[in-house]
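**Student:** Structure below; questions to follow.
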């Protein structure tokens, strides 16, 4: 893995992008594990008194 990251120039932030953070030979494996073995949930959010499901899944640990 290349330890050199790419600094992203964004306002009020300090972000470094590492394009090869996950080795290419493991990316599909990690995706399958994260998708099928982690407990995902969809929470609700209240907006102006009406409840909606959030448009994302979360997994809290």
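Numbering (this note's numbering), first residue to last: 200 to 260.
Yeah, the Cβ is synthetic: ideal placement off N, Cα and C, and Gly gets one too.
State yes or no: is the C-beta of residue 258 within less than 7 Å of the C-beta of residue 237?
**Tutor:** yes
**Student:** In chain order, what residues of the same chain lie with their CB nearer than 6 Å to the CB of residue 206, ignoring the 5 residues before and after it?
**Tutor:** 215
**Student:** Cutting at 7 Å between CB atoms, please list the residues of its own chain near residue 251, excluding the five before and the five after it.
**Tutor:** 243, 244
**Student:** Can you check which of these residues, 227, 249, 239, 229, is closest to residue 260 by C-alpha distance?
**Tutor:** 239
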